[in-house]
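One structure is given below, encoded as C-alpha cells.
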Amino acid sequence: MAQIIAEVSRTFNEYLLLPNRTRTDCSPATVDLRTPLVRHFGGEVSAIELHVPFTSAIMQAVGTPDLAIALARNGGLCFLHHNQPVLDQAAAVRQVKNFKAGFVTSDTNVRPDDSLSLLADVMRRTGHSTAAVTHDGTAAGRLLGLVTSRDFHPQRHDLDGPVSGRMTALADLPHAGPDVTLSEANARLWDERLDCLPVLDAEGHLLHLVFRSDYTDNKRFPNQVVDAAKRLRVGAGVNTHDYRERVPALVEAGADVLCLDSSDGYSDWQAQALTWVKKHYPEIPVGGGNVVDGEAFTFLAEAGADFVKVGVGGGSICITRDQKGIGRGQASAVLDVCAARDAFRERTGEYVPICSDGGLVHDYHVALALAMGADFVMMGRYFARFDQAAGAKLPTRDGFVKEYWGEGSNRARNWQRYGQGGQGLVFEEGVDGYVPYAGDLNEGLALTIAKLKTTMVSCGSITLPEFQSTARLTLVSDQSFQENHASVTLRDTPPTLT
Ligand code: IMP
Numbered sequence: 001m002a003q004i005i006a007e008v009s010r011t012f013n014e015y016l017l018l019p020n021r022t023r024t025d026c027s028p029a030t031v032d033l034r035t036p037l038v039r040h041f042g043g044e045v046s047a048i049e050l051h052v053p054f055t056s057a058i059m060q061a062v063g064t065p066d067l068a069i070a071l072a073r074n075g076g077l078c079f080l081h082h083n084q085p086v087l088d089q090a091a092a093v094r095q096v097k098n099f100k101a102g103f104v105t106s107d108t109n110v111r112p113d114d115s116l117s118l119l120a121d122v123m124r125r126t127g128h129s130t131a132a133v134t135h136d137g138t139a140a141g142r143l144l145g146l147v148t149s150r151d152f153h154p155q156r157h158d159l160d161g162p163v164s165g166r167m168t169a170l171a172d173l174p175h176a177g178p179d180v181t182l183s184e185a186n187a188r189l190w191d192e193r194l195d196c197l198p199v200l201d202a203e204g205h206l207l208h209l210v211f212r213s214d215y216t217d218n219k220r221f222p223n224q225v226v227d228a229a230k231r232l233r234v235g236a237g238v239n240t241h242d243y244r245e246r247v248p249a250l251v252e253a254g255a256d257v258l259c260l261d262s263s264d265g266y267s268d269w270q271a272q273a274l275t276w277v278k279k280h281y282p283e284i285p286v287g288g289g290n291v292v293d294g295e296a297f298t299f300l301a302e303a304g305a306d307f308v309k310v311g312v313g314g315g316s317i318c319i320t321r322d323q324k325g326i327g328r329g330q331a332s333a334v335l336d337v338c339a340a341r342d343a344f345r346e347r348t349g350e351y352v353p354i355c356s357d358g359g360l361v362h363d364y365h366v367a368l369a370l371a372m373g374a375d376f377v378m379m380g381r382y383f384a385r386f387d388q389a390a391g392a393k394l395p396t397r398d399g400f401v402k403e404y405w406g407e408g409s410n411r412a413r414n415w416q417r418y419g420q421g422g423q424g425l426v427f428e429e430g431v432d433g434y435v436p437y438a439g440d441l442n443e444g445l446a447l448t449i450a451k452l453k454t455t456m457v458s459c460g461s462i463t464l465p466e467f468q469s470t471a472r473l474t475l476v477s478d479q480s481f482q483e484n485h486a487s488v489t490l491r492d493t494p495p496t497l498t
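According to UniProt numbering, the sequence shown holds residues 1 to 498 in order.
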C-alpha cells in the first residue's frame with residue numbers, strides 16, 4: 001500500500017520570515033556570508049568555503065568561463081556544465097584556473113604589415129583601443145610593438161599604410177618579464193606613466209597585457225574565492241555515465257570540486273560513481289544529487305557525497321512534474337533534507353552541506369532557503385539573465401532578453417542527466433525560452449547580496465549559522481500573499497529606449 005506523507009508539499013512563496021530583535025552590532029556592514037561548500041567535521045572549517053552562498057546551475061545556458069570568473073571574484077562558485085565533450089569542459093576549467101586578475105590576454109592583435117584600416121576594423125570589433133603588434137598577429141606571437149587609437153587618424157594618415165609605420169616599437173616600449181607580480185606591474189604603470197605594460201616570456205612572446213584600469217578594477221573584489229595558489233576556484237558537473245573519462249580530465253585541468261548532476265540522484269548509479277571518485281581521487285570533493293527527502297540525503301551522504309543538492313521539479317524551465325509526476329515543493333524538500341543533515345551530524349560528527357537548487361524566483365527566496373537550513377543556493381534562471389551567461393542577448397519590442405533553456409529540453413538533450421533509457425531523450429523534461437536581460441553579474445549580484453544582508457539584519461543575525469538557528473518563519477494565506485505586493489497605482493515606468 002502506498003504511503004502518503006503527512007505534510008503538504010510547499011514552495012517558498014508560502015512562507016515569510018518574522019523579524020527578530022536587531023542588536024546594535026547587526027548591520028549590513030557586519031554581516032558575514034561565509035558558508036561551507038564541502039563535508040567537514042562539525043566545529044571545524046570546511047576545506048572550501050564560499051564567501052557568499054551562491055553557485056550557478058550546471059547548465060549549457062548558464063556556465064561559461066566568464067561567468068565562473070565573475071562569480072568566483074564575487075565570492076561564489078560556478079559549476080561548468082558536463083553537456084559538452086570532455087576536452088571542451090576541461091579547457092573551460094583551465095581557462096578559469098589560468099585567469100590572473102589584472103593580467104589580460106590580448107584580444108586586439110595585428111601583424112606589422114597589416115594596414116591601418118584593418119587595425120581600425122579589429123579595434124571596432126573588440127571595442128578596445130590598444131592593439132598588440134606581433135610577428136604572426138596572434139595573442140601569443142613575438143611582440144614587435146603596441147599601437148593605440150591615439151596613434152593614427154583617418155584624415156591625417158594613409159589608412160592603406162602599414163601598422164609598423166605608426167606603432168611604438170618594442171625597443172621604445174617598457175615591458176616586463178614573466179615573473180612580474182601585479183603590484184610590481186602597477187608600480188611601473190604609475191612610475192613610468194604608462195597606460196599598458198606588456199608581459200613577455202624569455203623568448204619575447206607576448207603573455208599578457210596589464211592595464212592601469214584593470215588594477216583598480218581588481219581592487220573591487222576583496223571577496224574572491226581562491227585556492228592556495230591564489231587562483232580562482234571553479235567547480236565542474238559530472239554525470240553517472242562517462243565519469244571514468246571525465247573526472248581525470250577535469251582534475252588534471254584543475255577543477256576544485258565536482259558535482260554529480262542527475263535529475264533524480266537517489267540511485268545506485270550515483271552511489272557507484274561517488275565510490276569510484278572517492279577511490280581514485282580522494283583529494284577532490286564531489287557533491288551528489290538531486291534529492292528531495294531525508295532518506296535520499298542519508299543514502300548519498302553514506303555513499304561519500306561531500307555536499308548534497310536538493311530540488312526536483314521546481315526549476316523555472318522544468319516540466320518534470322508535468323511529465324513524470326515526481327518532485328516536491330522546494331521549501332518542504334529543503335526542510336526535510338536539512339533535518340536529515342543535522343541528524344547525520346549528530347550520528348557521525350560530519351557536516352555535509354546542503355545546496356538548494358532551482359525554483360528561486362525572487363531575491364527573498366534565497367533568504368528563505370538559507371533560513372530553512374540550506375548552506376548555499378544554486379540558480380539557473382537568475383544567472384542566465386547576465387551578460388556573462390552563455391545564452392544570446394536578443395532585442396525585443398519590450399527590451400532585451402537572454403535565451404535560457406533547460407538541460408532536459410530538446411535544445412540541450414542532456415540525456416546523461418535524465419536517465420530515460422538509452423542514449424537520448426524519449427521526451428522533454430525542460431523548456432526552451434527567454435528571461436529578461438539583467439546586465440552585468442557584478443552589479444546584479446551585489447544588489448541581491450545587499451537584500452540578503454538586510455533581511456538577516458532584520459532577523460537579528462550577522463552569520464548564516466545564527467540566521468538558521470534563530471529564524472522564525474510563518475506560513476502565509478492566499479490573502480496575506482496578496483499583501484506582499486504594492487497596492488497603489490504605479491507611476492509610469494520610463495519607456496524602453498530603442
Ligand atoms: P532555476 O534556477 O529555477 O532556473 O532552476 C535551475 C535548476 O533546474 C538547475 O540547477 C537544475 O537542477 C534544474 N534543471 C535544469 N534544466 C532542467 C530541465 O530541463 N528540466 C528540469 N530541471 C532542470
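All residues carry an ideal CB built from backbone N, CA and C; glycine is no exception. Owing to the predicted nature of the structure, the values given are computational and were not obtained by experimental measurement.
Exercise. Should Ile326 go down as buried or exposed, given a rule of 16 or more other Cβ atoms within 10 Å for buried?
Worked result: Around the CB of Ile326, fewer than 16 other CB atoms lie within 10 Å, so the residue is classed as exposed.
For this session: Examine the Cβ distances between the stretch 133 to 149 and the stretch 111 to 119 and report whether three or more of them are shorter than 8 Å.
Result: Contact between the stretch 133 to 149 and the stretch 111 to 119 is present, with at least three C-beta pairs closer than 8 Å.
Exercise. Which first and last residues belong to the alpha helix (DSSP H) in which Glu346 is found?
Worked result: It spans Gln330 to Thr348 - the alpha helix (DSSP H) in which Glu346 sits, taken as one unbroken run.
For this session: Classify Val247 as helix, strand or coil using the three-state DSSP reduction.
Result: Reduced to three states, the DSSP call for Val247 is helix.
Exercise. If you pair each beta-carbon of the stretch 11 to 31 with each one of the stretch 44 to 61, do three or more pairs fall below 8 Å?
Worked result: When C-beta atoms of the stretch 11 to 31 are compared with those of the stretch 44 to 61, fewer than three pairs fall below 8 Å, so the two segments do not count as touching.
For this session: Please confirm whether any heavy atom of ligand 1 lies closer than 6 Å to the CB of Arg328.
Result: no
Problem set entry | Rounded Cβ spacing between Thr55 and Met456 (contact assumed at less than 8 Å) | At roughly 19 Å, the Cβ-Cβ gap does not stay under 8 Å, so Thr55 and Met456 are not in contact.
Exercise. Which two residues bound the contiguous alpha helix (DSSP H) that contains Lys278?
Worked result: Judged by DSSP secondary structure, Lys278 falls within the alpha helix (DSSP H) whose first and last residues are Asp268 to His280.
Exercise. Taking only runs of the beta strand (DSSP E) that begin and end inside the stretch 90 to 144, which ones reach a length of at least 3 residues, in chain order?
Worked result: List check, beta strand (DSSP E) in window: 130 to 134.
Problem set entry | Through-space distance from Ala296 to Val225, alpha-carbon basis | 30 Å
Exercise. Does the beta carbon of His357 fall short of 6 Å from some heavy atom of ligand 1?
Worked result: Checking the sequence, you will find Asp at residue 357 rather than His. The answer is yes for Asp357.
Exercise. Hey, which unbroken runs of the beta strand (DSSP E) at 3 residues or more fall wholly within the stretch 414 to 498?
Worked result: Those beta strand (DSSP E) runs which fall completely within the stretch 414 to 498 and span 3+ residues are 432 to 436 and 473 to 475.
Exercise. Are Asp306 and Val96 closer than 7 Å when you measure CB to CB?
Worked result: no
For this session: Within the same chain, show all residues whose beta-carbon is closer than 6 Å to that of Asp432, passing over the 5 residues directly before and after it, in chain order.
Result: Trp405, Ser409 and Arg411
For this session: Could you pull out every unbroken beta strand (DSSP E) segment of at least 3 residues lying fully inside the stretch 21 to 104, listed in chain order?
Result: 54 to 56 and 77 to 80
For this session: Note down, in chain order, each residue of its chain lying with its Cβ closer than 6 Å to the Cβ of Lys453, except the 5 sequence neighbours on either side.
Result: Pro28 and Val31
Exercise. Exposed or buried, Val426, counting other C-beta atoms within 10 Å across all chains shown (16 or more means buried)?
Worked result: When all chains shown are included, Val426 counts as exposed.
Exercise. Three or more beta-carbon pairs under 8 Å between the stretch 127 to 134 and the stretch 143 to 151, yes or no?
Worked result: By the criterion of at least three beta-carbon pairs nearer than 8 Å, the stretch 127 to 134 is in contact with the stretch 143 to 151.
For this session: Kindly indicate which three-state DSSP category Gly288 falls into: helix, strand or coil?
Result: strand
Exercise. Since Leu207 and His175 are thought to touch, with beta carbons under 8 Å apart, how far apart are those beta carbons, to the nearest angstrom?
Worked result: With 8 Å as the limit, Leu207 and His175 do not qualify as a contact, their Cβ atoms being about 10 Å apart.
Problem set entry | Beta-carbon contacts of Gln3 that lie in its chain and below 6 Å, excluding the five residues immediately before and after | Same-chain partners within the cutoff: there are none.
For this session: Check whether the Cβ of Ile354 lies closer than 6 Å to any heavy atom of ligand 1, and answer yes or no.
Result: no
Exercise. Is Arg381 near ligand 1, judged by its Cβ being under 6 Å from some heavy atom?
Worked result: Yes - ligand 1 has a heavy atom lying nearer than 6 Å to the Cβ of Arg381.
For this session: Please check the pair Asp264 and Val308, which I expect to be a contact at CB under 8 Å, by giving their CB distance rounded to whole angstroms.
Result: No, Asp264 and Val308 are not in contact; Cβ-Cβ is about 13 Å, not under 8 Å.
For this session: Note down, in chain order, each residue of its chain lying with its Cβ closer than 7 Å to the Cβ of Asp172, except the 5 sequence neighbours on either side.
Result: No residues qualify anywhere along the chain.
Problem set entry | For Ala339 and Ile5, the rounded distance between their alpha carbons | 16 Å
Problem set entry | Cut-off 6 Å between Cβ atoms - residues of its own chain near Met372, not counting five sequence neighbours on either side | Val334 and Leu335
For this session: On a CA-only basis, which of His82, Val352, Gln270 and Asp256 is nearest Glu245? Give me that one, please.
Result: Considering only alpha carbons, the answer is His82.
Exercise. Would Glu403 pass as a contact of Asn414 if the rule is Cβ separation under 7 Å?
Worked result: no
Problem set entry | Runs of beta strand (DSSP E) wholly within the UniProt domain "CBS" (167 to 225) (minimum 3 residues, chain order) | 196 to 200 and 206 to 211
Exercise. Does DSSP classify Thr11 as helix, strand or coil?
Worked result: Coil, per DSSP.
For this session: Using three-state DSSP, classify Val401 as helix, strand or coil.
Result: strand
Exercise. Relative to ligand 2, is the shortest distance from any of its heavy atoms to the C-beta of His157 smaller than 6 Å?
Worked result: Ligand 2 is not part of this structure, which contains only ligand 1.
Exercise. Hey, out of Gly439, Leu71, Val277 and Cys259, whose CA is closest to Gly289's CA?
Worked result: Cys259
Exercise. Just the Cα atoms here: how many angstroms apart are Arg94 and Ser106?
Worked result: 17 Å
Exercise. Relative to the alpha-carbon of Gly63, which residue among Arg73, Leu80 and Gly391 has its alpha-carbon at the smallest distance?
Worked result: Selected option, being the one with the closest Cα: Leu80.
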